[in-house]
Each structure stands twice: as C-alpha cells, then as structure tokens.
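See structure below.
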Amino acid sequence: MAYRVRSCRTLEEWGQAVAAIGHYAGWVPTEEQVEQFAELLPPERLHAVFDGQSIVGGAGAFDFRMSVPGAVVPCSGVTVVGVLPTHRRRGLLSRMMRAQLDATHERGEPIAALYASEETIYGRYGYGLASLRQKVSLTGDRAALSYGTPLRAGSVRLVDKDEARRTFPRLYDRVRRTTPGFFARSGDWWDLRRLADSAESRGDAGPLNYALAEIDDRPVAYALYRIAQKEEDAGWKRRLHIIEALGADTLGTREIWRFLLEIDWIHEIRASLLPVDHPLFHLLARPDSLNLRTETGLWMRLVDVGAALSARKYAADARVTFEVADPFGPWNAGTWTLEGDTVRRSRRRADLRLGVTALGSAYLGGFSFRELAAAGLVEEFSRGAVARADAVFAPIGPAPWCPEIF
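The numbering used here applies: residue 29 is where the sequence shown begins, and numbers increase by one.
Below, the structure is given as structure tokens:
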C-alpha cells in the first residue's frame, strides 16, 4: 500500500495528525485546542502520513531559539511524534523523520532537540542524549534547611496570572541566556503553555499558583506550583507539585526554594525537572531524605555539523579533527577540523572517530568525550585527543538543562 508524507496544509489536517499521538494518552484535541496549539506549531511545521485520505501519524517541529554554550541557535524542537497502532511497524515513523530532517536542513536550522517518550527510537535518526534531569521527592517533615543556610532575604508573594505574565518572562530570560538547553519562549508560549491553567493540565491537583520572590522590591525568582489534596484513613494528605522554580541568580534560587520547602501542611514535595547541578541537595538539613532519580533529558541532533559547531563557543583553543559518521544525514559525513571557533571540512588525519549521535551528546557540554569513549562511542586515533576534545568542549556555564518537556 502506498503512503504519502507531507506537511499539513489546514487546521483539519493538523488536528488529525496530532490525534495520532494523542491516541496513546486518551486525548482528542478540541477545535479550540487545535487553534491554540497551531499558534505555536503551525501546520507547515507538522508532517503527516496519509493512508489514502486518512491521516495515521504525525511529527511536528517547533521553531525554537535554543541556548548553547556561549550562543543562541535556531533549533527544531521535535514534538508530537507518533503513528496510530493500526499502522505500526510499517516504516512510517522513519519516513516522517526523514521528511522532517530534510525540511529542517533546508530551513537552515543547524540543530534539533527533543524529549523522548521512548528513548530506544531516536538514536537511529542521529539524536544523542545531551542532558540529564532529576526527579525528586521528599516528605514535608524532612524539608528543613541545612545549618548554615543564610538568613531569609526579601519576601515572596502570590501574584495573579497578569502579574506573572509581566514579570516571569524577564526572570526566565536571565537564566536562559546562560543555560544550555533553554529555549526562548514567545508571548504565545507563555500564555498558551506555561502560565495556562486548563482543567486538563490540573489532573488531580488544584489550580496553578504563581509565586514571585523579591528583594528590595526587585524580582529575583518565581515558582509555578500546584497542591493536590487527598483524603486517606489517617486524614487529609497534601502533595506539593513544583512545576517550575527559577532564580535569576543563586540568591533568588535559594529564596524561592526556601519558600517552597516551608509551605505548611504539606506531606510530600515533588519536582520532576531539575538540573543535575541544582543546589537542593545542599539546602536540606537531611539530604539523605531526598528521594532522587536521574532520568534522560534533552536529546540533540546536529542537523548541520559545520554550522552547529561554528555557532557555539568553546572553553579552550585547541585543534581537534573529527571523522563523523551520519547515515541518516549523509551531508554531515566526513572529516571536520575544529580550531578555535572555526570549523571546516578537512583532509587532515582524524584524531577521533564518532557518530553524529555521540557528537550530539557532547554538544551542550553535558557528557564528556571520555565518557563517550568509555562506552565505545568515540574512537581515539591520536594519543591525548580525547582529553584535548574534553578541554575544548568543557562546560562554560551551568549544566545543560531544559526545564520544560515540549
């Protein structure tokens, strides 16, 4: 049977394509949701696979500007990827990913990123795990701050959505500019995604709360959180869900987390999207009470190796020559020399050989070439080349992290 893959042309096609992935979550988008979501992901950025006149799968790509070490780069934010269970195992996902990667390359977006619901899928398309995230929980009676934590600075107040809309984006942007993996949020993104408080987003919890931390009337941090309440045999139990808590600096981070940890009547505190270098472990008087699970974060794909490597800044000025394999993006295959901030195709003997997936893992600074070589993903031809590459790609800011699953 012949299948066709192309970009959506109408909102009706868009809704049918998104419904393919919504099927697995029991979600059928309403007409209003289609119109709102399409403001962020227009039809031309959503590929659909057609079986006759029926749409049986979709793969979208947000138009992002993502922070990388020392720069901000156009990025394809891959999202809503799926095929109906009636059409699985027919190669349709590969065809959509092929069309999507080609379109991304033609648009001149040098990198692509995604959060993977099934991690085993995306390596074959050139995506490498580039960051980790932490999922944490602790009981409210063990949330005391550690001895020696500085005294409270400033104050925190709950604000309405309008004030959150005026103040939170500026704080977010201060963190975004220096944190690899953050993407710029448009006004529509804040309105329709991050600050939205729909019934679907609440689940079993209450309304979205907006907390603003200030020092000398100057905003320094914010938090988005919900409280869920459930009656049990022993009485009411309340769980605090921290959706996002960001400080513009270390003081702001400490103060917004002080506020969250000290909310009364909370039996359990949960957060699922923290960076690996978050100070929470050191803030707690009993860090052993923190239940911590490390999970996969962003997956990165270098769509254009030369443009992607040229876009970011580096920690050291040294020459490294890579032999890159990229079966799914053959235009990237070959030998590249990185020297200073210059990247060019090269006829030099390669110092290292690796796949584009491994290069994606190293790109944001979240994983070292030493780690990748230990896993057999990097082959060293010149003695000391792995250490030299690690010096060049060493982190020049916080650990890579994206605070929102898209």
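C-beta: ideal position from N, C-alpha, C; glycine also.
DSSP three-state assignment for residue i, whether helix, strand or coil
i    : result
E367 : strand
R213 : coil
I13  : Outside the modelled stretch of the chain, which goes from 29 to 434, sits residue 13, for which no answer is possible.
W359 : helix
G54  : coil
S122 : helix
W42  : helix
V331 : coil
I291 : coil
K341 : coil
F434 : coil
P247 : strand
G388 : helix
S410 : coil
L349 : Here residue 349 turns out to be Thr, not Leu, going by the sequence shown. DSSP places T349 in strand when its eight states are reduced to three.
Y200 : helix
G280 : helix
R230 : helix
R254 : strand
L400 : helix
R193 : helix
L69  : coil
R180 : coil
R437 : This structure cannot settle anything about residue 437, because the visible part of the chain is limited to 29 through 434.
R416 : helix
R205 : coil
A465 : The chain is shown only over 29 to 434; residue 465 falls outside these bounds and no answer can be derived.
I424 : coil
H133 : helix
Of the residues the options, the one placed nearest residue i, counting alpha carbons only
i    : options                : result
L392 : G275, F90, V101, R282  : V101
L439 : L129, S82, R314        : A query on residue 439 cannot be resolved here, the shown segment of the chain reaching from 29 to 434 and no further.
D245 : A212, A181, P307       : A181
F397 : V384, G388, S410, V414 : V414
T281 : G168, S159, A241       : A241
R152 : A30, H133, R126        : R126
G425 : A343, S389, D418, V406 : A343
S410 : V348, T207, V248       : V348
Q44  : R375, L366, R118, A87  : A87
F78  : A30, V187, G176, A171  : A30
T107 : S95, L387, R117, M124  : M124
A339 : K258, P208, R185, G156 : P208
H133 : K163, Y150, R73, V164  : R73
S214 : V420, E67, R372, R267  : E67
L288 : L166, L400, I433       : L166
G1   : A419, D130, A417, R381 : Residue coverage of the chain in this structure runs from 29 to 434, which leaves residue 1 outside it and unanswerable.
Y155 : A390, Y200, R373       : A390
E259 : E407, A233, W364       : A233
Q162 : A171, E59, P303        : P303
I291 : R205, D261, R185       : R185
R329 : L318, I294, A386, D379 : A386
R202 : A419, S95, D354        : S95
Residues that DSSP places opposite residue i in a beta bridge
i    : result
S300 : Its beta-bridge partners do not exist; DSSP assigns none.
I149 : Looking at the DSSP assignment, I149 forms no beta bridge with any residue, so it has no partner.
H75  : S35, A87
A141 : G105, M328
W218 : In the DSSP output, where bridge partners are listed per residue, W218 has none listed.
K163 : R321
A127 : Paired residue(s): none; A127 is not in a bridge.
F92  : C103
V187 : Y238
V111 : G85
G168 : None, per the DSSP bridge assignment.
E259 : W264
R381 : E351, E407
G156 : M328
L8   : Examination of residue 8 is not possible in this model, given that the chain is present from 29 through 434 alone.
I373 : It should be pointed out that residue 373 corresponds to Arg in this sequence rather than to Ile. Beta-bridge pairing links R373 to W364.
Rounded distance between the beta-carbons of residue j and residue i, thought under 8 Å
i    : j    : result
P197 : W218 : 6 Å
K189 : Y250 : With a Cβ gap of about 12 Å, K189 and Y250 do not count as contacting.
L301 : P431 : 5 Å
V84  : H115 : 4 Å
F92  : L69  : Not really, about 11 Å apart at Cβ, beyond 8 Å.
E367 : G168 : Not a contact, Cβ separation roughly 54 Å.
D305 : K341 : Not confirmed; about 19 Å, so no contact.
W285 : L308 : 6 Å
G383 : A158 : The pair is not a contact, with the Cβ atoms about 14 Å apart (cut-off 8 Å).
E63  : L39  : 7 Å
W364 : R373 : 6 Å
S122 : H75  : Their Cβ separation, rounded to whole angstroms, is 12 Å, which puts S122 and H75 out of contact at 8 Å.
State whether the region 314-326 contacts the region 188-197, with contact taken as three or more CB pairs (one from each stretch) at a distance under 8 Å. The region 314-326 vs the region 188-197: no contact.
Does the region 88-108 come within contact of the region 132-139, defined as at least 3 CB pairs closer than 8 Å? Contact between the region 88-108 and the region 132-139 is present, because at least three Cβ pairs lie under 8 Å.
Taking three-plus beta-carbon pairs below 8 Å as touching, is the region 272-280 in contact with the region 309-319? Contact fails: fewer than three Cβ-Cβ distances are below 8 Å.
Please confirm if the region 331-339 is in contact with the region 358-372, defined as three or more CB-CB distances below 8 Å between the two stretches. With the rule of 3 Cβ pairs closer than 8 Å, the region 331-339 counts as touching the region 358-372.
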